[in-house]
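As structure tokens, the structure follows; a few thoughts come after it.
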Amino acid sequence: MACRTRPVRSISRDRADPIEGPHHWLAMKNWARNYVYGARRVHEPRSIDEVQAIVRTAPALRVLGSRHSFSDIADTAGDLISLAALPRLIEIDRRGEMVTVDGGIRYGEVCVALDAAGGALHNLASLPHISVAGACATGTHGSGDGHGNLSTAVLAMEVVRADGEIETIDGSDADGLAAAAVSLGALGVVTRLTLRTQPTMLVRQDVYEDLPVDAFVDHFDELASAADSVSFFTEWGVNPVIDQVWLKRRVTVDDPYEPAGELHGASLATIERHPIRRLTAEACTAQLGVPGPWHERLPHFRMDHTPSSGDEIQSEYFIGRGDAVAAFVALLALRDRLAGLIQVSEIRTIAADDIWLSPASGRPTVAFHFTWKPDTDAVNAILPLVERALAPYQPRPHWGKAFTMAPPDVRAGYPRLPAFERFARTLDPAGTFHNAFLRRYAFTGSD
Ligand SMILES: Cc1cc2nc3c(=O)[nH]c(=O)nc-3n(C[C@H](O)[C@H](O)[C@H](O)COP(=O)(O)OP(=O)(O)OC[C@H]3O[C@@H](n4cnc5c(N)ncnc54)[C@H](O)[C@@H]3O)c2cc1C
19 MACRTRPVRS ISRDRADPIE GPHHWLAMKN WARNYVYGAR RVHEPRSIDE
69 VQAIVRTAPA LRVLGSRHSF SDIADTAGDL ISLAALPRLI EIDRRGEMVT
119 VDGGIRYGEV CVALDAAGGA LHNLASLPHI SVAGACATGT HGSGDGHGNL
169 STAVLAMEVV RADGEIETID GSDADGLAAA AVSLGALGVV TRLTLRTQPT
219 MLVRQDVYED LPVDAFVDHF DELASAADSV SFFTEWGVNP VIDQVWLKRR
269 VTVDDPYEPA GELHGASLAT IERHPIRRLT AEACTAQLGV PGPWHERLPH
319 FRMDHTPSSG DEIQSEYFIG RGDAVAAFVA LLALRDRLAG LIQVSEIRTI
369 AADDIWLSPA SGRPTVAFHF TWKPDTDAVN AILPLVERAL APYQPRPHWG
419 KAFTMAPPDV RAGYPRLPAF ERFARTLDPA GTFHNAFLRR YAFTGSD
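Rendered as structure tokens:
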């Protein structure tokens, strides 16, 4: 079947499927519906040949993933290309050390097949709905002192360059891989990714409730390393507590592990919880310590449900792990302002890596996440306060979420940006894949 190309205004706003679906004649929005894409057309190639043909003729192009970012990062004044209609590829190597997937696939699809073949990924984000290529392009992360973000699993990539030729980037060029693993979509169309895998594993999830703030401050290091993956959730509030601590622990079939009933003043939950306390846990992965496959425990949300609250804008800032408590105390001083607009905040740790544009590049990292109510003006008004509070700790904003930091402050967090720009120029000399986001935050010498 031939490639389909449609004007953006004909695209469904159905969240479950970015492109296919009823013909609503509405402007195409991102998943959160806080951003309307300005692109002229969306191409939906059905083969790599078609991808190459589109790239060869388009003067300005960006790739659309699953649209879970909260900004114009994926947009363009030219054409968009979605890989959702490419044939799905999940190629697991015989030794069980890697899996090669296509550039449009979502984590949920990869995980089920990989688990069935006895494999696993080292970590996952809070939701399995996002595309692998889009998540890696933005440095998407899960949680855990010992776990790098999802881009750290990338062993090789195939990219359709601006001239339509296919470039393979792999470990034979360590610098190239470190440049390309978090690409912000600037290098071309990623049509294949090879990810490092490990043997499948069971994971259990235990939740503790109402951790006193003093306990969080006094015992942060111990708490953050209390399991393989730890998330702290707070809604701030007048008398703030850490409402929930989620511990995800790798276990064996007959593991004798029994969680303590109490953790520095927090009590073990006896019913399943949603990170946003007012919501039911129906959309969440199983808790109460029941062991299950890694891909049904590492994400907070189930593939067949709407993740998070659904009506929201997200922001997130990454700082050095050593500053976690000081940054938390600085944010605590804003709690009256935060409480009015927040649905929930999440605090997670991420291992350091050496990927040039990774938010965890060069430093063990702690991430302060904010799920805001869906009020763009109010979010834009509060973000400068949050950013000022975090400024002493050299915050790096999540590439895929909302932020208001000045471009020079964003660039200051990434000393390898000029080298990244030079690398990108080798694949895209004329800037076909440049867009307004890249011109603001990444490419100082941009057209
Ligand atoms: C409910 C929810 C929960 C989230 N949870 C987390 C979380 O736990 N951790 C976290 O770190 N983030 C989280 N995010 C943010 C999310 O992971 C990122 O925004 C990620 O980029 C989404 O991937 P996507 O496929 O939707 O990308 P899009 O938003 O569609 O695109 C993002 C970027 O990737 C590029 N891109 C996509 N596909 C390709 C390709 N094939 N080739 C080249 N470039 C490409 C685009 O051009 C763009 O620059 C969450 C978002 C939501 C909505």
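With positions in the sequence shown counted from 1, the corresponding number in my numbering is that position plus 18.
Ideal Cβ positions, reconstructed from N, Cα and C, are used throughout, including at glycine.
- For Arg-64, the Cβ stays outside the 7 Å cut-off from all heavy atoms of ligand 1.
- At least one heavy atom of ligand 1 lies closer than 7 Å to the C-beta of Pro-325.
- A direct Cα-to-Cα measurement between Phe-461 and Glu-439 gives close to 6 Å.
- Per DSSP, the unbroken alpha helix (DSSP H) holding Asp-193 starts and ends at 192-198.
- Around the beta carbon of Gly-279, a 10 Å sphere encloses fewer than 16 other beta carbons of the protein chains shown; the residue is thus reported as exposed.
- Counting only runs of at least 3 residues, the segment 276-345 fully encloses the following beta strand (DSSP E) elements, listed from N- to C-terminal order: 284-286, 331-338.
- At a Cβ-Cβ threshold of 8 Å, Ala-442 and Ser-89 do not count as neighbours.
- Between His-159 and Ile-337, the CB-CB gap reaches or exceeds 8 Å.
- Scanning Met-175, Val-384, Ala-348, Arg-222 for the CA closest to the CA of Pro-309 turns up Arg-222.
- The criterion of a C-beta distance shorter than 8 Å is satisfied by Val-208 and Gly-121.
- Taken through DSSP and simplified to helix, strand or coil, Gln-262 comes out as strand.
- Val-117 and Arg-353 have their alpha carbons spaced roughly 44 Å apart.
- The straight-line gap separating the alpha-carbon atoms of Pro-415 and Ala-430 is approximately 11 Å.
- Sequence-distant partners of Ile-400 (beyond 5 residues in either direction) whose C-beta falls short of 7 Å from its own C-beta, in its chain, are Arg-355, Leu-359.
- Boundaries for Thr-158: no alpha helix (DSSP H) harbours it, and the DSSP string shows neither H nor E there.
- Taking 7 Å as the cut-off, one finds at least one heavy atom of ligand 1 near enough to the beta carbon of Arg-80.
- Listed in chain order, the non-local C-beta contacts of Arg-434 below 6 Å within the same chain comprise Trp-374, local neighbours out to five positions each way being set aside.
- Non-local beta-carbon contacts of Val-428 in its own chain, meaning distances under 6 Å to residues more than five positions away in sequence, involve Tyr-459 in chain order.
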